[in-house]
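Report on one structure; see the data block that follows.
Residue numbers (full-length UniProt numbering): 1 to 693.
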């Protein structure tokens with residue numbers, strides 16, 4: 001301490017009081033604030049020499065200056081109030097965040113315009129000579145009807161990859177729905193020469209179709225160009241309608257109207273054919289369906305929207321009578337399945353959220369929505385608790401649910417139906433209506449009906465084409481033709497298959513099949529064969545010992561031929577048809593793509609071993625097994641989720657967001673996901689689209 005004080009005294013003696021203060025201000029903070037105890041300095045004996053008098057004066061000036069400096073320092077470093085400090089920190093952080101956001105958005109906008117500028121072609125593409133086969137421009141004629149045969153496509157030589165594929169096995173896919181698109185997305189593009197035939201050139205995301213009927217989603221948000229999907233497998237697209245198939249010649253007959261309005265027909269050859277043409281709405285023999293609307297295609301959604309808006313506008317006219325207004329504002333939905341329920345919910349949302357804002361309030365008081373269901377519950381394939389929840393929700397929203405009712409006739413301005421009362425009595429009722437949606441199950445298309453008739457006794461189902469568990473169309477050459485999606489159903493003939501299998505084994509060993517007996521070990525082997533061939537039967541073969549004891553009628557410890565047949569038929573009766581849903585079609589398309597890829601990889605080995613006939617599908621790949629992942633339904637600002645096996649849940653807006661998220665993730669492309677998200681944002685900001693066009 002004395003050394004430090006002496007140094008400062010010397011500085012004061014050398015430079016004077018003002019200079020000493022300047023030097024002190026330049027000393028580091030820790031040094032400047034060093035405390036010099038007065039008693040330490042006072043212990044030093046005062047000097048009595050004349051030269052010491054100025055030093056003492058300078059020292060007093062030094063302490064005076066230090067005291068002033070310390071006071072000023074304490075005033076300048078006084079802390080701000082806590083609230084003001086937090087406010088400043090928040091302001092700094094907000095300014096930093098806002099500036100970063102502006103910079104990020106600005107960079108995004110600039111990047112978008114740079115990318116957008118790169119998508120325009122400044123110069124016309126040079127026209128060059130293209131090598132096209134004469135068979136592509138002038139196809140030869142042949143087949144049973146002597147029609148042109150499309151053996152070579154006009155774009156087979158557009159690039160090297162297509163040129164390599166033109167000699168690969170021809171895979172023809174009829175239809176561009178869920179099954180066909182799932183197959184295209186999983187198919188290896190190097191294995192087949194792919195041709196897709198469809199009367200529409202887009203894929204439709206059907207689960208969200210009811211939302212498009214009322215303007216919640218735009219029509220373009222639900223469709224994806226089929227050529228964009230086919231491009232991934234370097235395939236070809238023919239916009240035409242499938243008419244018939246010649247299975248012996250491997251030719252598909254298709255038709256299309258040319259530029260002169262004349263129908264043209266031609267053949268498309270195939271090595272493997274996939275029938276995925278979908279289905280049509282089941283009319284159930286009801287008269288007057290020309291007065292109804294259907295919801296199967298994107299054009300149906302446009303027509304329905306225009307009809308709803310037209311009815312609302314007509315109801316506002318001063319010349320419209322009270323009876324006509326009530327009739328115009330009576331909306332009827334026939335069918336209590338997912339499509340009918342979701343459309344009724346979307347219609348209620350439109351009327352309750354947008355109508356009261358844009359139309360006179362009188363309309364809201366006179367609007368009525370009616371849902372007619374033939375069963376005792378709507379959503380009858382869902383768990384009963386969820387069905388009851390949906391009915392209670394509709395009752396709260398004033399949507400009338402008419403269960404145990406069957407439509408007998410649809411007139412231009414009313415609908416006639418019969419309703420069973422609580423005591424079993426049947427009452428006929430007539431309901432005035434200005435709009436009717438018919439959504440009552442599916443049925444075969446005309447093309448599938450012609451195929452079923454051509455295949456004769458191999459097809460027994462009147463609603464769909466029957467296939468085996470490998471999705472091969474029954475009655476066709478083994479491994480040539482497959483059927484997937486709504487147009488097909490998997491035939492559950494466990495008893496017939498196993499009985500035929502055992503008969504062949506018995507005859508091979510020179511035994512009479514009717515005298516055949518099976519011990520428990522033999523029954524276990526038969527059960528393994530059933531599980532392998534019919535995966536859907538696995539759930540009914542868990543307790544083999546109990547089944548063996550139950551059907552061993554004579555308690556002999558063995559199963560004779562008749563007892564085994566009875567057991568297998570019981571299993572057959574428990575197997576239900578697969579649901580006609582997008583989920584099932586997607587699984588079948590993915591399964592078939594994986595199997596075709598594996599068949600293509602195995603083809604060189606099979607040819608090397610001269611194996612061209614037989615059940616190659618079963619040798620290469622397992623049978624199809626459907627896995628139910630759950631069912632969803634929107635019921636008006638709430639949703640229900642059926643997970644199967646009695647499990648499920650329902651909820652309000654959080655369930656709606658979950659429902660949207662699931663379908664958003666399942667959308668076919670990034671383009672449709674972006675458009676769907678933008679439509680939901682627009683609905684929240686500006687309401688639904690109420691234009692008719």
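No residue lacks a Cβ here, since even glycine has one placed at the ideal position from N, Cα and C.
Nothing here was measured: the structure is a model prediction, and the numbers come from that model.
| request: May I ask you to report which of helix, strand or coil DSSP gives residue 309? | output: Residue 309: helix per DSSP, three-state reduction.
| Which residue's Cα is closest to the Cα of residue 519: 427, 557, 662? | Looking at the Cα atoms, 557 is the closest of the given residues.
| query | Taking residue 617 as the reference, which of 242, 150, 634, 592 has the closest Cα? | reply | Considering only alpha carbons, the answer is 592.
| query | Which word fits residue 587, buried or exposed, when buried means at least 16 other C-beta atoms lie within 10 angstroms of its C-beta? | reply | By the 10 Å Cβ count, residue 587 comes out buried.
| request: Would you identify the three-state DSSP class for residue 202, choosing helix, strand or coil? | output: The answer is strand: DSSP assigns residue 202 an E or B state.
| field | Of the residues 171, 207, 205, the one placed nearest residue 191, counting alpha carbons only | value | In this structure, 171 is the residue among 171, 207, 205 with its C-alpha nearest to the C-alpha of residue 191.
| task | Put residue 642 into one of helix, strand or coil per three-state DSSP. | result | Strand, per DSSP.
| field | N- and C-terminal bounds of the alpha helix (DSSP H) containing residue 226 | value | For residue 226, the enclosing alpha helix (DSSP H) begins and ends at 226-230.
| Is the stretch 234-252 touching the stretch 367-381, taking contact as three or more C-beta pairs under 8 Å? | Under the three-pair Cβ rule at 8 Å, the stretch 234-252 does not count as touching the stretch 367-381.
| query | From what residue to what residue does the alpha helix (DSSP H) around residue 179 run? | reply | Per DSSP, the continuous alpha helix (DSSP H) segment holding residue 179 begins and ends at 178-186.
| query | residue 399 bridges to which residues according to DSSP? | reply | Within the DSSP secondary-structure output, residue 399 pairs in a beta bridge with 369.
| query | Which residue comes first and which comes last in the alpha helix (DSSP H) that contains residue 348? | reply | Here the alpha helix (DSSP H) through residue 348 covers 338-349.
| query | If we count the other Cβ atoms within 10 Å of its Cβ and call it buried at 16 or more, is residue 259 buried or exposed? | reply | Looking at its Cβ environment, which holds fewer than 16 other Cβ atoms inside 10 Å, residue 259 is exposed.
| Can you tell which of 237, 643, 268, 418 has its C-alpha closest to the C-alpha of residue 406? | For the options 237, 643, 268, 418, the alpha carbon positioned closest to that of residue 406 is the one of 418.
| query | residue 451 and residue 471: beta carbons closer than 8 Å? | reply | For residue 451 and residue 471, no; Cβs fall outside 8 Å.
| said: For residue 676, which residues in the same chain have their Cβ closer than 7 Å to its Cβ, ignoring the five residues on either side in sequence? | reply: Counting only Cβ-Cβ distances below 7 Å, and skipping sequence neighbours, we find 217, 221, 664, 667.
| query | From the DSSP output, which residues share a beta bridge with residue 265? | reply | Residue pairing by DSSP places residue 265 opposite 255 in a beta bridge.
| Classification of residue 654 by the beta-carbon crowding that lies within 10 angstroms, buried from 16 upward | Exposed, by the Cβ-count rule.
| Host beta strand (DSSP E) of residue 431 (start-end) | From DSSP, the beta strand (DSSP E) with residue 431 extends over 426-432.
| Where does residue 164 land, buried or exposed, given buried means 16+ other C-beta within 10 angstroms? | With fewer than 16 Cβ atoms within 10 Å of its Cβ, residue 164 is classed as exposed.
| request: Decide if the stretch 173-183 is in contact with the stretch 294-310; the criterion is three or more beta carbon pairs, one per stretch, under 8 Å apart. | output: The way I'd put it, the stretch 173-183 doesn't touch the stretch 294-310; fewer than three beta-carbon pairs between them come closer than 8 Å.
| task | Pull up the distance between the alpha-carbon of residue 131 and that of residue 162, whole angstroms please. | result | Those two C-alpha atoms are separated by around 13 Å.
| query | What three-state label does DSSP hand residue 140 in the structure shown? | reply | Three-state DSSP puts residue 140 in coil, outside helix and strand.
| residue 163, enclosing alpha helix (DSSP H) - first and last residue | Per DSSP, the continuous alpha helix (DSSP H) segment holding residue 163 begins and ends at 160-165.
| task | Would you tell me roughly how many angstroms separate the C-alpha atoms of residue 689 and residue 349, rounded to the nearest one? | result | Taking the Cα positions, residue 689 is about 13 Å away from residue 349.
| Considering residue 292, what are the terminal residues of the alpha helix (DSSP H) in which it resides? | Residue 292: not part of any alpha helix (DSSP H); DSSP gives it neither H nor E.
| field | Buried versus exposed call for residue 208 [16 or more other C-beta atoms within 10 Å across all chains shown] | value | Classification for residue 208: buried.
| task | Would you kindly check if the distance between the Cβ of residue 154 and the Cβ of residue 140 is under 8 Å? | result | It is not a contact, given that the beta carbons lie outside the stated cut-off.
| message | In this structure, how does DSSP classify residue 130 when only helix, strand and coil are distinguished? | response | It is coil, neither helix nor strand.
| Can you tell me whether DSSP reads residue 436 as helix, strand or coil? | The answer is strand: DSSP assigns residue 436 an E or B state.
| said: Among 256, 271, 152, whose alpha-carbon lies nearest the alpha-carbon of residue 264? | reply: When only C-alpha atoms are compared, the closest one is 256.
| field | For residue 410, the nearest candidate out of 367, 283, 359 (CA to CA) | value | Comparing Cα-Cα distances from residue 410 to each of 367, 283, 359, the minimum goes to 283.
| Own chain, CB closer than 8 Å to residue 375, minus 5 neighbours either side, in chain order | Contacts found: 336, 403, 404.
| query | What separation, rounded to the nearest whole angstrom, lies between the Cα atoms of residue 602 and residue 468? | reply | Whole-angstrom Cα-Cα distance: 22 Å.
| request: Apply the 10 Å Cβ neighbour rule to residue 436 and answer buried if 16 or more other Cβ atoms are within range, or exposed otherwise. | output: It is buried - the Cβ of residue 436 has at least 16 other Cβ atoms within 10 Å.
| Short check: CB of residue 595 to CB of residue 621, under 8 Å? | In this structure, residue 621 lies closer than 8 Å to residue 595 by Cβ.
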